[in-house]
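Shown next, in structure tokens, is the structure this report addresses.
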Amino acid sequence: MDRTEKIWLNGKLVDWEDAKVHVLAHALNYGTGVFEGIRVYQTPRGPAVFRLKDHVRRLVDGCKMMGFKLEFDGKEYAEKDVFEAIKDTVRANGAAVDYVKPCIFLSGEEVGLNPVNVPVSFAITCVHMGAYLGKGADAGAKLITSSWQRPDNLCGPAGAKVNGAYVASTLAKREAVSQGANEAVMLNSVGHVAECTGENIFIYRHGRIMTPQTAESILEGITRNSVIQVARDMGYTVEET
10 MDRTEKIWLN GKLVDWEDAK VHVLAHALNY GTGVFEGIRV YQTPRGPAVF RLKDHVRRLV
70 DGCKMMGFKL EFDGKEYAEK DVFEAIKDTV RANGAAVDYV KPCIFLSGEE VGLNPVNVPV
130 SFAITCVHMG AYLGKGADAG AKLITSSWQR PDNLCGPAGA KVNGAYVAST LAKREAVSQG
190 ANEAVMLNSV GHVAECTGEN IFIYRHGRIM TPQTAESILE GITRNSVIQV ARDMGYTVEE
250 T
């Protein structure tokens, strides 16, 4: 991962090294935040952020599920304001960007599990990541079945990317790499295939494309939705099983 110049923090673009929070930030200690990971593609007309409106909608919906008030630096933010803030951050960082991560989280300096008056912070970071699985994206990736389960949708807000929910994914990814693999398949609480650590999973077999249904404790991914739409437009049978 290559860093970029500017990070958007609570309404202002600041230098990378100046984007800081307190060590007692609630999200740092308890995982109370929501985020999105969005690919950016460079085109002759400038950077194109993949399905940005859908990502922003899910981010804002996640804030509602977590009870976050979208107010930063004295300004209340609507969905369109979040959308524009992300675009401004991508523009400020130029052609090096291929990934943007907006994160809305509880900050403050309070200890405890009832964050009544804890302020909400909003950061937007742009980086250059390259292919998520490196050469495995073209040559084929080696997978393991992780011993760590995908958390059940009843363990937190279903449909949102909640920071704390990704601890299991982090452990599964480390487990895979320690065994010489690129990625891990995570099962759910009843032993069904759910997803990988940061990706939905599809299987092509006997002329059909199969993917776990949302009831299997998966993230209802935006990229997943695109794959299903494109595959069906191309004439493939897609089954959510």
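Numbering (the working numbering), first residue to last: 10 to 250.
Glycine is no exception: its CB is placed at the ideal position from the N, C-alpha and C atoms.
All figures in this text were calculated on a predicted structure; none of them were measured in a lab.
Could you tell me if residue i is buried or exposed, where buried requires 16 or more neighbouring beta carbons within 10 angstroms of its beta carbon?
i	result
His-35	buried
Lys-144	exposed
Val-125	exposed
Ile-47	buried
Leu-2	Missing from the structure shown is residue 2; the chain here goes from 10 to 250 and no further.
Glu-204	buried
Val-49	buried
Val-199	exposed
Thr-206	buried
Met-10	exposed
Since residue i sits in a beta bridge, which residues does DSSP pair it with?
i	result
Phe-131	Ile-113
Ile-47	Val-109
Thr-154	Val-194
Pro-56	Gln-51
Are residue i and residue j touching if we call contact CB-CB under 8 Å?
i	j	result
Thr-135	Val-99	The residue you asked about is not Thr; residue 135 is Cys in the sequence shown. For Cys-135 and Val-99, yes; Cβs fall inside 8 Å.
Gly-71	Lys-170	yes
Thr-220	Phe-211	yes
Tyr-175	Met-138	no
Lys-78	Val-120	no
Thr-246	Ile-227	no
Lys-110	Phe-44	yes
Leu-142	Ala-193	no
Ala-104	Gln-51	yes
Gly-20	Phe-81	yes
Asn-209	Thr-179	no
Thr-13	Val-106	yes
Asn-191	Ala-140	no
His-201	Glu-229	no
Write down the C-beta distance between residue i and residue j rounded to the nearest angstrom, noting that I regard them as a contact closer than 8 Å.
i	j	result
Ile-16	Leu-68	In fact, because the Cβ distance is near 17 Å, the residues do not count as touching under 8 Å.
Asn-172	Gly-42	4 Å
Thr-116	Val-30	Sequence check: residue 116 is Ser here, not Thr. Indeed they touch by this definition, with Cβ atoms about 5 Å apart.
Pro-160	Ala-177	6 Å
Leu-122	Tyr-39	7 Å
Ala-181	Met-195	6 Å
Ala-132	Ala-28	6 Å
When DSSP labels each residue in this structure, what does residue i get in the three-state scheme?
i	result
Val-23	strand
Glu-225	helix
Ala-140	coil
Tyr-245	coil
Met-74	helix
Tyr-213	strand
Val-307	Summary: the structure shown does not reach residue 307, with the chain confined to residues 10 through 250, and so no result is reported for it.
Val-30	coil
Ala-167	coil
Ala-203	strand
Val-125	coil
Leu-18	strand
Asp-90	helix
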